Structures are given as C-alpha cells and as structure tokens.
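Using my numbering, you'd call the opening residue of the sequence shown number 9 and step up by one each time. Here the structure comes first, spelled out in structure tokens, and everything after it is commentary.
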Amino acid sequence: MTKTINKQQITSDANLAEIQKFEKVNTLIHEDADRASYFVATEIAKLIKKRQAEGKMAILGLATGSTPTKVYDYLVKFHKEDGLSFKNVATFNLDEYYPMHPKSIHSYVRFMNEHLFNHIDINRKNVHIPDGNLHTSDIRPFCDAYEQRIQDLGGIDIQILGIGRTGHIGFNEPGSSIHSKTRLVRLDRVTKLDAASDFFGEENVPQRAITMGVGTIMAAKRIILMAWGEGKSHIVKEAVEGKIRETVPATFLQKHTQCDFILDQAAASFLTRVETPWLVGEVIWNDFLIKKATIWLSEKLSKAILKLTNEDYNEYGMGNLVAEIGSAEQINLKVFNQLQATITGWPGGKPNADDSHRPERALPYPKTALIFSPHPDDDVISMGGTLLRLVDQGHEVHVAYQTSGNIAVFDDEVIRFLDFALEIEKGDEKLKTKMKEVREFLNNKKPGQIDSSEIQEYKGLIRKGEALAACRYCGVKEAHAHFMNLPFYETGAVKKKPHSEKDIQLTVDLLNKVQPHQIFAAGDLSDPHGTHRVCLQIIYLALEQLKTSGAQWLKDCKVWLYRGAWQEWDIASMEMAVPIGPKDMQRKINAIFKHQSQKDSAMFPGNDEREFWQRAQQRNTETAAKYNALGLAEYEAMEGFVQYHF
Numbered sequence: 009m010t011k012t013i014n015k016q017q018i019t020s021d022a023n024l025a026e027i028q029k030f031e032k033v034n035t036l037i038h039e040d041a042d043r044a045s046y047f048v049a050t051e052i053a054k055l056i057k058k059r060q061a062e063g064k065m066a067i068l069g070l071a072t073g074s075t076p077t078k079v080y081d082y083l084v085k086f087h088k089e090d091g092l093s094f095k096n097v098a099t100f101n102l103d104e105y106y107p108m109h110p111k112s113i114h115s116y117v118r119f120m121n122e123h124l125f126n127h128i129d130i131n132r133k134n135v136h137i138p139d140g141n142l143h144t145s146d147i148r149p150f151c152d153a154y155e156q157r158i159q160d161l162g163g164i165d166i167q168i169l170g171i172g173r174t175g176h177i178g179f180n181e182p183g184s185s186i187h188s189k190t191r192l193v194r195l196d197r198v199t200k201l202d203a204a205s206d207f208f209g210e211e212n213v214p215q216r217a218i219t220m221g222v223g224t225i226m227a228a229k230r231i232i233l234m235a236w237g238e239g240k241s242h243i244v245k246e247a248v249e250g251k252i253r254e255t256v257p258a259t260f261l262q263k264h265t266q267c268d269f270i271l272d273q274a275a276a277s278f279l280t281r282v283e284t285p286w287l288v289g290e291v292i293w294n295d296f297l298i299k300k301a302t303i304w305l306s307e308k309l310s311k312a313i314l315k316l317t318n319e320d321y322n323e324y325g326m327g328n329l330v331a332e333i334g335s336a337e338q339i340n341l342k343v344f345n346q347l348q349a350t351i352t353g354w355p356g357g358k359p360n361a362d363d364s365h366r367p368e369r370a371l372p373y374p375k376t377a378l379i380f381s382p383h384p385d386d387d388v389i390s391m392g393g394t395l396l397r398l399v400d401q402g403h404e405v406h407v408a409y410q411t412s413g414n415i416a417v418f419d420d421e422v423i424r425f426l427d428f429a430l431e432i433e434k435g436d437e438k439l440k441t442k443m444k445e446v447r448e449f450l451n452n453k454k455p456g457q458i459d460s461s462e463i464q465e466y467k468g469l470i471r472k473g474e475a476l477a478a479c480r481y482c483g484v485k486e487a488h489a490h491f492m493n494l495p496f497y498e499t500g501a502v503k504k505k506p507h508s509e510k511d512i513q514l515t516v517d518l519l520n521k522v523q524p525h526q527i528f529a530a531g532d533l534s535d536p537h538g539t540h541r542v543c544l545q546i547i548y549l550a551l552e553q554l555k556t557s558g559a560q561w562l563k564d565c566k567v568w569l570y571r572g573a574w575q576e577w578d579i580a581s582m583e584m585a586v587p588i589g590p591k592d593m594q595r596k597i598n599a600i601f602k603h604q605s606q607k608d609s610a611m612f613p614g615n616d617e618r619e620f621w622q623r624a625q626q627r628n629t630e631t632a633a634k635y636n637a638l639g640l641a642e643y644e645a646m647e648g649f650v651q652y653h654f
C-alpha cells in the first residue's frame, strides 16, 4: 500500500554537494519519523557498544517532548530484545520547568522515567536532570555543578535535540548567546503557548525553566537535531538555510562540525532541494513536478499561468523543462488544464456527465460517503462546504467521529449542563448529590489533573450533542452519525496511548457496515496534539487489512484527504477543489457554531489564536484567491482534497 502522498521526484544520485548547496548543516531526510527515529536510536546504540568495547562511559545529552519518544522506544527495544546494556551510560537532560516537583505529571523526571529509565538497566546515579524543585538561591550553584559534572565525565558524546517553533533548542529562547551555559531562563510567550495543551491552559505553564546553554550544547562531540511534521518545516528551513543569528538559536548549530539534522519528509518540505529542486540541479520531470514548478513560477512572478514565457522559465532554472516539453505555451496549457480539472461543484460526481476529466466518477449515483472526523468538529471545520454539497446533491452521508474530544471541554461547561439538568429535575436528590460531588472535584482539581471517568463521560456527551446538532443542521441523519470513541484517545490526558488492534478493528467494522463509495479523512498532519495523525494511521491500517482480506466493496471506493483545522493543502497537491459560494460559506460557519464548547476560546487552540471558524473561512478564501491568481475562475472560497491511493 502506498504510504505517502509525496509525488515529487528529484535526482537522488546527483552530486550531494550540489543538491545541498543551500544547506549550511548536514541534513538527512528519512521517509517518516519512525524510520528517522530508528536511525537515531541505532547511532546511539553504536556509541554505547563502542564505549563498552573501550571500557569507557558513553555520555548522552537527552531531550524531552514528543520528538524523541520513538527514539526512546527503540532504545528500550534494543535493551529488551537485543541485550543492549546501559550500565556504562551517563545521561544529562537538557532542561526542566521551574518550579517543578519531580513527581508532577508535567515533570521531565517523570517523562524520562516513563519513556526510558524505568525500562533499561542504567545506574540511577548516572542520570542527571535539572532540579526544578530547588530554592532560587540554590539554582546558580546547581547549574555550575551540572556543567562541571559534564566536564568531569569527559563531555557529552551525543546530544539529541528537538527544535521549537521559534528556533529554540533546549529552553534557549531567541536572544540566547552562543556562549551561554546552564542557567535559569524565562520562557517567551510562544514557548508557553506551545506547551499550553500539556498544562491545560497557558496560565498554568511555568514562567521559567532551567536549561543547558547554547554553549553547553555546542560543546558536545556530536549533535543530532530531530524534527518531524509539517509544523516544523518553516523553522527547519530557517535553521538549515538561514543566516546565523541569536533570534533563531538553532542556527548556531551551523558552526558545529559534527551536527546532523535528521528530518522526516514533512519537516523537510520547505528546504530548497525539496520545495524547488529545479533551483538546485537537474531534476527528473514528471507531471506533478511540472505542475508544482509552474505554479511556483506563476506565484513568484505574480503572473497568471497562461502569461508565463520561455524567458521566465529560463531565468528561474527551468530551461531544460522548456527544452523537454517544447515551449512555455505548451507547459502553461498543460498545467492550466490540470488545475481546471480539479475544480468541481460535484464532490460526489456529476450524474449523467462525462467524468473523464473530473476528479470524481459520475456513477454510481447516489453514492454513500463516509466522513471520518478525528474530533467532533473537524468535519464541519475542514470540509463543511463539501459535506453540505454532498447532502444537497442527494448522496447518503455518514460521519464517523473517531474520538470523543472530551478533554477539550472546559470544566464550567459540565457545571452548566448539570445545573440545567438539576433545574429540570428539582426533586432529584441523587442528581443533587452527584452535582455536589462534581463541584467538589472540580473546585479542588489541580491544573493538568485527569478528570474522573464520570466527568470525562459528561464532557464526551457535551461534544456528542454538539456534533449531532451540526449533523441535523447539515441534513445528515442522526442514525448516520457514528461515535467511535477510539480507545487510544480515552486517557483523560493530552498524552494518548499508542493505537491498538482494537482501534483498527472498530474502524474495519464500521467500514464494512457502511461500505462507502467515498471516504473522506483528515490529512492535517500539523495537528500539534497528534490526534489527527494517529486517526489517519488507523484508517490506513484498516484499509490495508480490508484490502488484504479481499473486501469487494473496496474496489469501488475512493479515499479523499482533507485539511483545514491546522493547515491547508498546497495548490500543486490538490486533486479536487470544491468551490463554496457566500451562502454556503455562511452555512458552513453556522455548522461550526453548533460546537459551542469550542467557540470563542477553545481549550486547545494550538499556536493559531484565531477561532476555528475564522481559520476555516480565511484558509478557504485564500485557496480560492490562489486559484484566481493563477488565472482560473474567481470563487468566494474553496475546500481542497488530495486522493489517497491504496
């Protein structure tokens, strides 16, 4: 099964120095985060074994957060299955929030124990993590001792890093000196905003942290910086290709002679050799790359596609494309027609029409469409206009809400709904008792504390009611709203369990029950909380299982991936673009408004402070404007889709 929608081809055997001429630090791109994590874990294992053979200690600098977790999983696997010993390993963690008790659910001590140390044979005396429980007067001596201990052990052999949205490494925020050492720092707002979901609100994120300095990091013998996902792609480009400057601390790594940036394809997507390979060297042209290059040139010159000339192509490194195709006019017409063919007002296919140049087939009609929504509002946020169009055009529309979304409901919403129930049933003593218990729990609840199972259920019911209200508004039958409550999500915390066979089987069962002609799924891989990514992987695995088992209905099924909650598809990737008029845009917004608990101020807004309906409206409007700027018809808004081939 195809596991990627990246269709770009570049000459991988060309001179590496030529390909990487824009890159100022060694950069390795892996197919996905799993393969990249395996590579990093293998490099660490090699070091440990080498030091064992030499009778020496291996000194590791470790990071926390979502980026290195898979690396730690592999290291644990190497220990349990391959006998890799950590008895000769000493570790130094990059940072810790301050103040932070080591037993707190937010502490990096707890994080490292859960992900690594509890599962290997490391001597706990060799584990070093900044102490977030110190008195302020003890911090400076502690930091000095931390630096001295690293030096006493001969320095860090391998330092692994992630990268923050501002380019920070560790908690070295913009403005940090390249000579800085381990110290107490104040966190900037962007960093706190990014951590807000873990702490259930920005106001609960500590103001300060203890971190290794940039100078401490730079003193490591080898540095490995890892970045996964499209959400890191912009800052990765700055760190790899930009000028060295204090405002982006990760750029200091360009000065290190043994530094590797290990990326997955998504995180590397804005590097010059990936985004615009024709500027780097010879490329193997295919339809997708021709389309991408032509769109890029049109946007670069602010010229409609049909106005591009031979000179334009030659000036921007695409002279060989003109020579290969014949002329700018031929290229322009080819790409214009490709884009024109993606636009359709019939997302379910237009019955009794020639469908040879349409993204969806005409028959069968009506179709059964199954829309997978990771959270209870993603369907209307990301493809509400298309959903409405499918219903209006007579198709049987089902919506599968993959998770309950219960952790994204404010506590006050629970009290409000229970107050309402109490008013309806004034004499219900059992309800009064329950209300008292709930109020007492919520009044004493600490930031980040997991809700009781009952409160989780209440919050899930609130989201379910909102989803049903949106379905009714859109014309989707309530019987066609499927609440899957996938088990991986139901932890009560931001951190989820890995998906399991049960998640996959629930998805297989629903697909077999509905047997859709169309599947719509969220391809929003920039979701900072990761739920969208996991939900998509579960669908992929379910489809693979169905295909292997020979499900006949699957042969007449197309899978479309939507975006919108966290990002949008680039125009070159879009294979179906559904225009939305002013009236339907308002209907879409009204459907989003049905999710009242997520309106005004969502629990987990990510790093985009706009409300979800504003993001959706502006992204859809921008997509339409981009199509229009390329020389195509002007629409109010558009929703874009990419086909997943399996």
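Glycine included, each C-beta is placed from N, C-alpha and C at the ideal position. All values derive from a computational prediction rather than experimental measurement.
Candidates the options: closest to residue i by CA position
i, options, result
"R541", "D511, E62, K189 and G237", "G237"
"L514", "K245, Y409 and G327", "Y409"
"F30", "Q560, V288 and V567", "V288"
"L640", "L347, R191, P76 and M108", "L347"
"V8", "K521, K504, E462 and G483", "Residue 8 lies beyond the stretch modelled for the chain, which goes from 9 to 654, so this question has no answer here."
"Y154", "P138, D146 and V446", "P138"
"A658", "N322, E642 and A235", "The shown model of the chain, from 9 to 654, leaves out residue 658, and the question about it has no answer."
"C543", "I379, E337 and T284", "I379"
Assigned exposure category for residue i - 16 Cβ within 10 Å defines buried
i, result
"H264", "buried"
"F126", "According to the sequence shown, residue 126 is Asn rather than Phe. Label assigned to N126: exposed."
"S205", "buried"
"T144", "exposed"
"P455", "exposed"
"Y652", "buried"
"H403", "buried"
"F100", "buried"
"I458", "exposed"
"T556", "exposed"
"E448", "exposed"
"S45", "buried"
"S381", "buried"
"P536", "Its pLDDT being 48, under 50, P536 is placed unreliably by the model, and the measurement read from it follows with that caveat. Looking at its Cβ environment, which holds 16 or more other Cβ atoms inside 10 Å, P536 is buried."
"F260", "buried"
8 Å contact criterion, which residue i and residue j should meet: CB distance rounded
i, j, result
"G325", "W286", "5 Å"
"I2", "F94", "This structure leaves residue 2 out entirely; the chain is present only between 9 and 654."
"H114", "Y105", "7 Å"
"I588", "G393", "4 Å"
"I232", "D268", "5 Å"
"P355", "M584", "7 Å"
"A478", "H603", "6 Å"
Length of the line joining the Cα atoms of residue i and residue j
i, j, result
"Q622", "V343", "31 Å"
"Y570", "A370", "21 Å"
"A487", "L450", "34 Å"
"S188", "I52", "26 Å"
"R118", "Q266", "31 Å"
"A645", "E307", "19 Å"
"D202", "K434", "43 Å"
"S412", "A361", "40 Å"
"S390", "Y481", "16 Å"
"L305", "G572", "25 Å"
"V586", "N328", "34 Å"
"I351", "G648", "9 Å"
"I164", "T224", "9 Å"
"V388", "I600", "6 Å"
"Q215", "A228", "28 Å"
"H87", "I158", "25 Å"
"I512", "H123", "24 Å"
Cβ shell of residue i (< 6 Å), same chain only, five flanking positions each side left out
i, result
"I579", "I303 and K634"
"E421", "I470 and S605"
"K300", "A580"
"R230", "I166 and Q266"
"N340", "I313, L314 and L316"
"A98", "M65, I67, N134 and L161"
"G500", "I458, D459 and Q464"
"A71", "L102, I168, L169 and G170"
Cβ-based neighbour list, residue i, same chain, cut-off 8 Å, excluding 5 preceding and 5 following
i, result
"T255", "G175, P182 and G183"
"Y349", "The question names Tyr, but residue 349 is Ala in the sequence shown. Only H365, R366 and P367 meet the Cβ criterion."
Beta-carbon proximity list for residue i, same chain, < 7 Å, skipping 5 on both sides
i, result
"F207", "H114, V213, P455 and G456"
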